[in-house]
Each structure stands twice: as structure tokens, then as C-alpha cells.
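Encoded as C-alpha cells, the structure appears first; notes follow it.
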Amino acid sequence: MFFYYYIVFFIVALYLFLTRNKVKNAKSIFLLTTFLLLIFISAIRADSVGGDLGHYLPHYKIFGEMQWSQLFAHRSKYGYTFATMCKIVYMINPSPQSFLIVTSCWSLIPIYFFIKKYSANPLMSIFIYITFGFYTNTFNSVRSSIALGIGVLLFDYVIERKLWKFLILFLLGVEIHYTFLLFGVIYPLYKKEITLKYILVSIGLCFAISQVASIWSNLYGMALAYDEGAYRNLSQSSGGYTLLALMVAITFFFFFVRKNFNNVTKMWMHCMVVACCVLCFATSLTLLTRVAMFFYIVIVVLFPEVYKSFANPYLLKFGKYAIFVMFFVYFSFFVMKPLKEYDGSNNQRTIPYKTFGSQYEI
332 MFFYYYIVFF IVALYLFLTR NKVKNAKSIF LLTTFLLLIF ISAIRADSVG GDLGHYLPHY
392 KIFGEMQWSQ LFAHRSKYGY TFATMCKIVY MINPSPQSFL IVTSCWSLIP IYFFIKKYSA
452 NPLMSIFIYI TFGFYTNTFN SVRSSIALGI GVLLFDYVIE RKLWKFLILF LLGVEIHYTF
512 LLFGVIYPLY KKEITLKYIL VSIGLCFAIS QVASIWSNLY GMALAYDEGA YRNLSQSSGG
572 YTLLALMVAI TFFFFFVRKN FNNVTKMWMH CMVVACCVLC FATSLTLLTR VAMFFYIVIV
632 VLFPEVYKSF ANPYLLKFGK YAIFVMFFVY FSFFVMKPLK EYDGSNNQRT IPYKTFGSQY
692 EI
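Residues 332 to 693, numbered by the working numbering, are exactly what the sequence shown covers, in order.
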């Protein structure tokens, strides 16, 4: 568990060292160094670090050993794109580590470019990305993390209204993970202005519908059909209301603090509203929290954007430290919390951290 804290402390120390010593291009060096480190840590992890690797690594071998004709004869739930990637990587090197290297790059490199382009404070963005569990989620939810990486690349095409480029990349994301289909609502929704009525009606209506028992029954049946019971133990969400309440609070906080939205912050606000709507249904089916993550990933750039809008220098300083403390507390008590039902690991099964070929816990 403590290994992840060491990562956080090292990243903060690196940023302070580069900026206080006025190193040329300090922020660019910081971003690149940090993401190379994150990719490296992800790539060398043992196959026990990440709960869903128990599904992915056997299929990596299965796809790798298939003939090309077999690979495209029947579409599995993993999709043709993911299966093809597995086949190519396996042909180059059949080691499970090759799979982890490629998927780590595919998940994290888009996040690097996303933060580089849109973040007003790279340290804060990376701090949030790690402490809110986005980073360790890439260890666990491999395909959805790849789809999320595609999602952050799509924001440019939504803002710039490049429909065909959006559709091509969007369909790729859907082919990799069907749950990415909901991301398509962002393109038409972007035209709508951000108002208090829009936020209240959208979230309120979704919450009301989500509480209807018949809706829950349908969603549960869909989940069982999707993965033949893989999510059977996740059918009830003990923390779903907590995450929903947190995201709703963040959404309203951003709305009342920012008030005026440019083309970029308008995009982030739409994502937060959709995330809240999805999380309304995730109170019954935690599978949908992964879908909501496609949207609330924007908090890694939205918090720095709103924080810098504080005019009062004392409020600016207080706000910065408050954000860091808040996310560190969340990281400690939720993301890294050991659970009895997972034999002392967390809900992503990413603790303890081990490197491949090693039995020593870090």
C-alpha cells in the first residue's frame, strides 16, 4: 500500500525541485518524466496487481495462439481491435509483460496529452489523477481504461465540431468496450448552454428514474448477459450514493464558482452532468461507475481551471492546499482502503504492489 504513497510524494518532490530551481521547461520535463514513471510502474507490475487481469491475461494467450482466420470468425466480448492487439503483441513476445507494456502505454499516453493541453496546473492534475483512483484503475479495468484514453482524445473533436473524426475514433472506442457507446451523447449535447435548470432537471430526472425497481431489474439482467456473471457480486452498490453525492457537489461547486464558461470549460461541465446522471443508475449497478469515469475524468483539468479563477490571493492559496488535502484524504480512506472481502486488498485489487517475477510486496 505504501508504495503508492511513495509515488505521490516523489511526484510532488520532483515538481517542487524543478520549479524552485527554475529549470528550463520545468513543467514539460515534469509531465514527461512523471508519465514515463507511471507507465514503467504499470508495465512491470505482477499479474496479481489488478483484479481483472485474471480475465485478461488468459485471453491474451488465447488470442495470441489463434490463427488469424479464427480471430475474426467470431467476435468475443473483447472485440476485434483488442483481440488483434493481443495477437500482434503475442507474436512479437508472448510474455504477459508485453501485454502490460502495450496496454499501459495505450491507457496513459492519451492522459499525458490531455493534461499537457488542458491543465492549468500539471501537478494538481496528476495528483488528482492518482489520488482519485484513475491511475490504479488502469491496472484493473484494462479495456475501459483504453476506451477512456480514446475519450479524452475525442474532446478536441467535440469542441472543434469535427464530426467525422469524432465518429471514427468513437466507433473504435465502442468496438473495444461497448459501454463507451454512451460517450456519443457528448457531441450533440455540447451545443446546449450550461444553466442551473439544465443541471437540476437532468440529474433530478435521472435520479428519479433510477429508483424505479423495474429499471434496476432490466439493468441487472443486462449485466449478467454481458459477462456471464462476472459482475454478479457487484450488483449492489454500497458506495454508489457517496460517489454520486460527491460528483453532484463538485458539479454545483464548479457551476457557482465559474459561472461563465468558455468552449473548453463548457465541455467539462457537460461531462460532469452526464457523469452525475450515469452515477444515479450506478447506485444499483456498480458496473456503471466505470461508464461514469469516461466523463468525470475531466475533474483532473477542471479543478485547476476553477482554482485559478479565484481572485483573492488568500483564497487562491487556501483553495490550492484544500484541493490537495481533500484528494489525499480520499486516496487514503477510499482508494487505498483494504477490504476484508478482497483478502485485505482494495476494491481494484492493486494492493499490495509487486513487480513481475518477485514475491516481495512493496
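Ideal Cβ positions, reconstructed from N, Cα and C, are used throughout, including at glycine.
Just so you know, these numbers come straight off a predicted model, no measurement behind them.
Quiz item: Can you name, in chain order, every residue of its own chain whose Cβ lies under 6 Å from the Cβ of Tyr387, other than the five neighbours on each side?
Solution: Excluding residues within five positions, the ones whose Cβ falls inside 6 Å are Val473.
Quiz prompt | Neighbourhood of Leu345 by C-beta distance below 8 Å, restricted to the same chain and skipping five residues each side | solution = Correct list, in chain order: Phe361, Thr364 and Thr365.
Quiz item: With 9 Å set as the bound, which would you pick, yes or no: does the beta-carbon of Ala374 sit closer than that to a beta-carbon of chain B?
Solution: The structure shown has no chain B; it contains just one protein chain.
Self-check item: Continuous alpha helix (DSSP H) stretch holding Gln542: start and end
Solution: Here Gln542 belongs to no alpha helix (DSSP H), and DSSP marks it neither H nor E.
Quiz item: Taking DSSP as the reference, what is the three-state secondary structure of Phe662?
Solution: In the structure shown, Phe662 sits in a helix (DSSP, three-state: H, G or I).
Quiz item: If you draw a straight line from the C-alpha of Arg680 to the C-alpha of Glu506, how long is it?
Solution: Near 26 Å, if we compare the C-alpha coordinates of Glu506 and Arg680.
Quiz item: Three or more beta-carbon pairs under 8 Å between the stretch 393 to 401 and the stretch 445 to 459, yes or no?
Solution: These segments do not touch.
Quiz prompt | Neighbourhood of Lys648 by C-beta distance below 6 Å, restricted to the same chain and skipping five residues each side | solution = Excluding sequence positions up to five before and after Lys648, its CB lies less than 6 Å from no other CB in the same chain.
Exercise. Classify Arg406 as helix, strand or coil using the three-state DSSP reduction.
Key: Looking at Arg406 - three-state DSSP - the assignment turns out to be coil, as it is neither helix nor strand.
Quiz prompt | 4-residue-minimum alpha helix (DSSP H) runs that sit fully inside the stretch 408 to 458, ordered along the chain | solution = Look at the stretch 408 to 458 and you find these whole runs of alpha helix (DSSP H), each 4 residues long or longer: 410 to 423 and 427 to 449.
Quiz item: Considering only the beta carbon of each residue, do Phe465 and Tyr661 sit closer than 9 Å?
Solution: At the C-beta level, Phe465 and Tyr661 stay beyond 9 Å of one another.
Quiz prompt | Residue from Pro635, Ala642, Asp674 and Asn643 whose Cα sits closest to the Cα of Phe655 | solution = Nearest option by C-alpha distance: Pro635.
Practice problem: Return the chain-ordered list of same chain residues with a C-beta closer than 7 Å to the C-beta of Lys358, the five sequence neighbours on each side being excluded. | Solution: Around Lys358: Pro453.
Quiz prompt | Cβ-Cβ distance between Ile490 and Phe511 below 9 Å | solution = No, they are not a contact pair.
Quiz prompt | For Arg376, the three-state DSSP class (helix, strand or coil) | solution = The answer is strand: DSSP assigns Arg376 an E or B state.
Exercise. Within 10 angstroms of the Cβ of Arg376, are there 16 or more other Cβ atoms? Answer buried if so, exposed if not.
Key: Arg376 should be labelled buried.
Exercise. Can you give me the Cβ contacts of Val629 inside the same chain, cut-off strictly under 6 Å, excluding the 5 residues immediately before and after it?
Key: Spatial neighbours of Val629 in its own chain (CB-CB distance under 6 Å, excluding positions within 5 residues in sequence) are listed in chain order as Trp599 and Cys602.
Quiz prompt | Beta-carbon contacts of His508 that lie in its chain and below 7 Å, excluding the five residues immediately before and after | solution = Cβ-Cβ distances below 7 Å link His508 to Arg474, Ser475 and Ala478 in the same chain, with the five nearest sequence neighbours on each side left out; the list follows chain order.
Practice problem: Could you check what DSSP says for Thr462 in three-state terms: helix, strand or coil? | Solution: Secondary structure of Thr462 (DSSP, three-state): helix.
Self-check item: Bridge partners - Thr686, DSSP secondary structure assignment
Solution: Listed as beta-bridge partners of Thr686 by DSSP are Arg376.
Quiz item: Quick one, which of Tyr673, Ile517 and Met578 has its alpha-carbon nearest Tyr627's?
Solution: Put simply, of Tyr673, Ile517 and Met578 the residue whose alpha carbon is nearest the alpha carbon of Tyr627 is Met578.
Quiz item: Going by C-alpha distance, which of Phe612, Leu485, Phe341 and Thr526 is nearest Thr573?
Solution: The candidate whose alpha carbon is nearest that of Thr573 is Phe612.
Quiz item: Where does Ile423 land, buried or exposed, given buried means 16+ other C-beta within 10 angstroms?
Solution: With a threshold of 16 other beta carbon atoms within 10 Å, Ile423 falls short and is exposed.
Exercise. Within 10 angstroms of the Cβ of Ser689, are there 16 or more other Cβ atoms? Answer buried if so, exposed if not.
Key: If you draw a 10 Å sphere on the C-beta of Ser689, you find fewer than 16 other C-beta atoms in it, and that means exposed.
Quiz item: Is Leu618 buried or exposed, if buried means 16 or more other CB atoms sit within 10 Å of its CB?
Solution: The Cβ neighbour count for Leu618, taken over all protein chains shown within 10 Å, is at least 16; the residue is labelled buried.
Quiz item: Can you tell which of Lys523, Leu484, Leu520 and Tyr521 has its C-alpha closest to the C-alpha of Gly504?
Solution: Residue Leu484 is the option with its Cα nearest to Gly504.
Quiz item: How many angstroms separate the CA atom of Phe585 from the CA atom of Leu439?
Solution: Going by the C-alpha atoms only, they are around 26 Å apart.
Quiz item: According to the neighbour-count rule (16 or more other Cβ atoms, all chains shown, within 10 Å of its Cβ), is Met667 buried or exposed?
Solution: Met667 comes out buried.
Exercise. Please confirm whether Tyr684 and Phe334 have their CB atoms less than 9 Å apart.
Key: In this structure, Tyr684 sits near Phe334, with a CB-CB distance shorter than 9 Å.
Quiz item: For Ser435 versus Ile370, is the C-beta distance shorter than 9 Å?
Solution: In this structure, Ile370 lies closer than 9 Å to Ser435 by Cβ.
Quiz item: If we count the other Cβ atoms within 10 Å of its Cβ and call it buried at 16 or more, is Leu646 buried or exposed?
Solution: Exposed, since its Cβ has fewer than 16 Cβ neighbours within 10 Å.
Quiz item: In three-state DSSP terms, what is Phe592?
Solution: Assignment of Phe592 by DSSP, reduced to helix, strand and coil, places it in the coil class.
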